[in-house]
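Let me begin by presenting the structure, written as structure tokens, before commenting on it.
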Amino acid sequence: DTEFGPGVSPPEAIRGSSLKHNGEADLALLLPHGGYCNSGFVAAHGFQMLANYGPWPLAIIIGNNHNSWNKFALCDQVWSTPIGPLEPDLQVVKELMDLGYPVSRSVHADEHSIENQLPFLRFIMPGIRILPVGVGAVDFDEAHSLAKHLARIVRERS
282 DTEFGPGVSP PEAIRGSSLK HNGEADLALL LPHGGYCNSG FVAAHGFQML ANYGPWPLAI
342 IIGNNHNSWN KFALCDQVWS TPIGPLEPDL QVVKELMDLG YPVSRSVHAD EHSIENQLPF
402 LRFIMPGIRI LPVGVGAVDF DEAHSLAKHL ARIVRERS
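Sequential numbering from 282 applies to the sequence shown in the numbering used here.
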């Protein structure tokens, strides 16, 4: 049913995907996080392309904080999805905590921008570990600093 997605499961859909993993680069996707009825179609197509590009040991998921004034919020708990759990990479969470980024389960409990991505990710890469990063009102320097720290984490794990 293409009303809510590509209409085929990733293994069938990726035959025509234009993304091919060559081991030389990591990938970032900018996907919508709204309700599945509004934006699930676009997110499903993004994850359909991603299915042929991995696997990786870690997915960094950056979501906006709609209802929090926190600048950043990491999460160190297991996330449940209808098709099974996704576990955070606690070593990476600790690395960022040591750099001053806080963990806030309460911020994530009231937010949907990350959790809406997780069933798609869990479906295509069931064993992947995640780094959920909630981002609120930050300035350019703060965003740049986070980007540098995340880029280092990606380089070290590639």
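C-beta atoms are modelled at their ideal positions from N, C-alpha and C, and glycine is treated no differently.
Once DSSP output is grouped into helix, strand and coil, what is the label at residue i?
i      : result
Ile434 : helix
Asn345 : strand
Leu312 : coil
Leu331 : helix
Look up residue i in the DSSP assignment and give the residues it is bridged to.
i      : result
Trp360 : Leu367
Gly415 : Gly344 and Ala354
Val384 : Leu355
Leu339 : Arg410
Taking the alpha-carbon positions, what's the residue i to residue j distance?
i      : j      : result
Asn397 : Gln358 : 16 Å
Ile405 : Leu312 : 16 Å
Leu310 : Leu412 : 15 Å
Ile295 : Ala332 : Confidence is the limiting factor: at Ile295 the pLDDT is only 46, short of 50, which leaves the residue's position unreliable, though a coordinate-based value still follows. About 7 Å.
Val445 : Asp370 : Not covered by the structure: residue 445. The range shown for the chain is 282 to 439.
Gln372 : Phe401 : 24 Å
Asn319 : Ala428 : 29 Å
Val414 : Asn351 : 11 Å
Glu368 : Leu308 : 20 Å
Using the beta-carbon count (16 or more within 10 Å), is residue i buried or exposed?
i      : result
Ile364 : exposed
Gln329 : buried
Asn345 : exposed
Leu380 : exposed
Tell me the residue span of the alpha helix (DSSP H) that contains residue i.
i      : result
Pro400 : Leu399 to Ile405
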